[in-house]
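Chains as they are written, first to last, in my numbering: chain A, 121 to 465; chain B, 1421 to 1556. All residues carry an ideal CB built from backbone N, CA and C; glycine is no exception. In this text, all values refer to a predicted model and were calculated from it rather than measured experimentally. Quick notes on the structure that follows.
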Amino acid sequence: MILAFESSCDETAVAILAPPRQLRASLVASQHEIHIPFGGVVPELAARRHMEVIVPLYQDALVEAGITLDDVTGIAATCKPGLIGALLVGLSFAKSLAMGRNLPFIGVNHIEGHLNAVHLEHDDVPYPHLGVVVSGGHTEFYIVKGFADYQLLGATRDDAAGEAFDKVAKLLNLGYPGGPIVDKRAALGNPKAIRFSLPKMSESSKFGIGKYDVSFSGLKTAVALWVKQNDITDQPLSADTINDLVASFQYTAVEILMRSVSQIVTDHNLPAVVVSGGVAANSALRKAMTDWGIQHNVRTYFPSMKLCVDNAAMIAYVGSQYLARGVTSNWDLNATASGAVGILT
Amino acid sequence: MKQTATTLEDTYRIAAELAATLKPGDTVALSGDLGAGKTTFVRGITMALHGHAKDVTSPTFTLMNIYEGTPPIYHFDWYRIDSLASLQTLGMEEYLEGTGIAIVEWGEKFPQELPAKTRHIRISLNTDGTRHFSGI
């Protein structure tokens, strides 16, 4: 049984996996009722919050899995990339447990976790495939040649896709989290109502732009500009106009992602695409990707929602695969803020 | 003083002019609405100081990005930070007034946390798509 911890950003998560893919528990603090011993107001974005919840969350995970620490054969924790203070909480707790119980320990890259989450639900994903990680903090494209064999081909040059959704929702005062709200409102609007242009990405730019890279800040600015030009104080935007606006924004955001996906799949002749991260929940992206896959005879995979958002199950999976191969981390493994899993070529 | 940018190149030029006046230990605070072009301005500063800006992305989610180079650039974003208590757990004082240049987006949210000598730059997007930079 593999015990895993994830605390790279806002979420604290603990999972227990019976390898290869039987999840016995997968708890995420924000979606779980936890009794915090000392209570009080805890800063939302603080490492302290991870510290408050990690022990009770770990104890609840053992109970949910119906096991004790005696049943655990290996421990994994996210070690990069993320906020150092936040990462250190999960990593230090995991290392201490492993050291105290004399268990093998492995540090896992968060992105590698996202790229592998799909294997918890599917055992037929072909290699090589295109792995797309789209979330509030990441927008990256990898060729996944096999387990632990990744090549980074492109990434966002500015905002992550999920960040663009959140910020557009904020711009229009639609609430938080922006992703699901924009998705819902966009379904009521006309995606062709307003034409936003796609960013021009040229390979030779001195600003380090690769041909598969994406950009969302121009689109965000275009939405801001459109609002400035059309939202006249004595005549606020109607609900219908907002629906059209977010539908058009979402349509363009999906186009931006699909452009890179289709270029990479074509250039590298890949048989499948795996989309993970929180934005993989977006219905327009799912539909565009699925339709495109059917049309081009490319298989498309989306892990279920609980495996798309930040979670420890994916960390447990990657950890279990490394441990099964005899790979472990040293006790002096430290948390690092950056750390892509492939090399940009 | 106020400068106006009509094109992306104008923004990069204004950023480069500011960059030429920055030295290690300096802090720049950027304010402006969503979509005003704060991260793009940081891209321009980094390009001017490092010769490239390959690693520059929005730090909204990560809260802080470090761009290695001479001098190193610490790119902060306080957009998601909702309380002084949250901000104070980030340990950013380690990076301010040190060996690198700190640039803080949404720095106006917690002005008391910025060094006294911080350069404040406001970016505003106009209805015709041009941008005004004030405080340069």
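Assumed close pair residue i, residue j - CB separation to whole angstroms, cut-off 8 angstroms
{"i": "F336/A", "j": "T276/A", "result": "6 angstroms"}
{"i": "L250/A", "j": "V385/A", "result": "6 angstroms"}
{"i": "A455/A", "j": "L211/A", "result": "5 angstroms"}
{"i": "L189/A", "j": "R221/A", "result": "6 angstroms"}
{"i": "P1444/B", "j": "I1521/B", "result": "7 angstroms"}
{"i": "G298/A", "j": "A401/A", "result": "Their Cβ separation, rounded to whole angstroms, is 12 angstroms, which puts G298/A and A401/A out of contact at 8 angstroms."}
{"i": "T1441/B", "j": "R168/A", "result": "At roughly 38 angstroms, the Cβ-Cβ gap does not stay under 8 angstroms, so T1441/B and R168/A are not in contact."}
Spatial neighbours of residue i in its chain, beta-carbon cut-off 8 angstroms, leaving aside the 5 residues before and after
{"i": "L1438/B", "result": "V1448, I1465, R1539, I1541 and I1556"}
{"i": "G309/A", "result": "D360, I362, N363, D364, L365, V366, A367 and S368"}
{"i": "G295/A", "result": "A289 and I301"}
{"i": "A1456/B", "result": "I1543, S1544, L1545 and R1551"}
{"i": "G159/A", "result": "Because G159/A carries a pLDDT of 43, less than 50, the predicted location of this residue cannot be relied on, and the following value inherits that uncertainty. Answer for G159/A: no residue qualifies."}
{"i": "S380/A", "result": "F261, G274, Y332, D333 and V334"}
Residue i - containing alpha helix (DSSP H), residue span
{"i": "Y1487/B", "result": "Premise fails: Y1487/B lies in the beta strand (DSSP E), M1484 to Y1487, not in any alpha helix (DSSP H)."}
{"i": "R305/A", "result": "G298 to A306"}
{"i": "Q355/A", "result": "Neither: Q355/A is in no alpha helix (DSSP H) and is coded neither H nor E."}
{"i": "K200/A", "result": "Element bounds for K200/A: not the alpha helix (DSSP H) but the beta strand (DSSP E), G194 to K200."}
{"i": "L211/A", "result": "I204 to R221"}
{"i": "S1506/B", "result": "L1504 to Q1508"}
CA-to-CA distance, residue j to residue i, given in whole angstroms
{"i": "Y1499/B", "j": "V366/A", "result": "21 angstroms"}
{"i": "S403/A", "j": "K340/A", "result": "20 angstroms"}
{"i": "S146/A", "j": "M171/A", "result": "18 angstroms"}
{"i": "M321/A", "j": "E184/A", "result": "48 angstroms"}
{"i": "S317/A", "j": "L377/A", "result": "13 angstroms"}
{"i": "G1416/B", "j": "H1470/B", "result": "Absent from the model: residue 1416/B. The displayed extent of chain B is 1421 to 1556, so no value can be given."}
{"i": "S1478/B", "j": "T1459/B", "result": "6 angstroms"}
{"i": "A313/A", "j": "A307/A", "result": "13 angstroms"}
{"i": "S413/A", "j": "A457/A", "result": "Note that residue 413/A corresponds to Gly in the displayed sequence, not to Ser. Each residue's alpha carbon lies about 35 angstroms from the other."}
{"i": "D191/A", "j": "M121/A", "result": "6 angstroms"}
{"i": "P201/A", "j": "I231/A", "result": "8 angstroms"}
{"i": "N417/A", "j": "F1481/B", "result": "35 angstroms"}
{"i": "P1492/B", "j": "I1486/B", "result": "7 angstroms"}
{"i": "A1473/B", "j": "Y1494/B", "result": "13 angstroms"}
{"i": "V374/A", "j": "S449/A", "result": "38 angstroms"}
{"i": "V175/A", "j": "A206/A", "result": "14 angstroms"}
{"i": "L240/A", "j": "Q142/A", "result": "8 angstroms"}
{"i": "D354/A", "j": "E1533/B", "result": "38 angstroms"}
{"i": "V264/A", "j": "F1553/B", "result": "43 angstroms"}
{"i": "M1467/B", "j": "R1433/B", "result": "10 angstroms"}
Range of the contiguous beta strand (DSSP E) that encloses residue i
{"i": "F1496/B", "result": "I1493 to D1497"}
{"i": "T1424/B", "result": "K1422 to A1425"}
{"i": "L137/A", "result": "A133 to A138"}
{"i": "K290/A", "result": "Premise fails: K290/A lies in the alpha helix (DSSP H), A281 to L291, not in any beta strand (DSSP E)."}
{"i": "L1545/B", "result": "R1539 to L1545"}
{"i": "E1525/B", "result": "I1521 to E1525"}
{"i": "R406/A", "result": "Counting along the chain, R406/A falls outside any beta strand (DSSP E), though it belongs to the alpha helix (DSSP H) covering S403 to H416."}
Same chain, Cβ closer than 7 angstroms to residue i, neighbours up to 5 away in sequence not counted
{"i": "L291/A", "result": "V343, A344 and V347"}
{"i": "F1461/B", "result": "T1431, A1435, L1450 and I1543"}
{"i": "S255/A", "result": "A280, G282, G397, G398 and V399"}
{"i": "G459/A", "result": "K200, P201 and N229"}
Cβ shell of residue i (< 6 angstroms), same chain only, five flanking positions each side left out
{"i": "I435/A", "result": "A124, E126, A196, T198, V228 and G233"}
{"i": "V288/A", "result": "V343 and F369"}
{"i": "A214/A", "result": "F125, I195 and A197"}
{"i": "F267/A", "result": "Q441"}
{"i": "A237/A", "result": "S396, P423, L427 and M434"}
{"i": "Y371/A", "result": "P311"}
{"i": "R419/A", "result": "A392"}
{"i": "P319/A", "result": "S335 and G338"}
{"i": "A218/A", "result": "I195 and F225"}
{"i": "V429/A", "result": "G398"}
{"i": "G330/A", "result": "G274"}
{"i": "L464/A", "result": "Residue placement at L464/A is poorly supported in this model, since its pLDDT is 45, which falls under 50; the coordinates still yield a value, given next. Closer than 6 angstroms at Cβ, skipping near neighbours: L272."}
beta-carbon residue i near the ligand GTP non-hydrogen atom, thresh 7 angstroms
{"i": "R1539/B", "result": "This structure lacks the ligand GTP; in fact it carries no ligand of any kind."}
Subject >> Segments of 3+ residues assigned as beta strand (DSSP E) that fall wholly inside the segment 240 to 275 of chain A >> reply: Runs of the beta strand (DSSP E) inside the segment 240 to 275 of chain A: 249 to 254, 259 to 266 and 269 to 275.
Original post:
Whole alpha helix (DSSP H) runs in the segment 1442 to 1471 of chain B with 4 or more residues, listed along the chain?
Top reply: Within the segment 1442 to 1471 of chain B, the complete alpha helix (DSSP H) runs of at least 4 residues are 1458 to 1470.
Subject >> Every unbroken alpha helix (DSSP H) inside the segment 418 to 452 of chain A [4 residues or more] >> reply: Segments of the alpha helix (DSSP H) lying fully in the segment 418 to 452 of chain A: 425 to 428 and 433 to 444.
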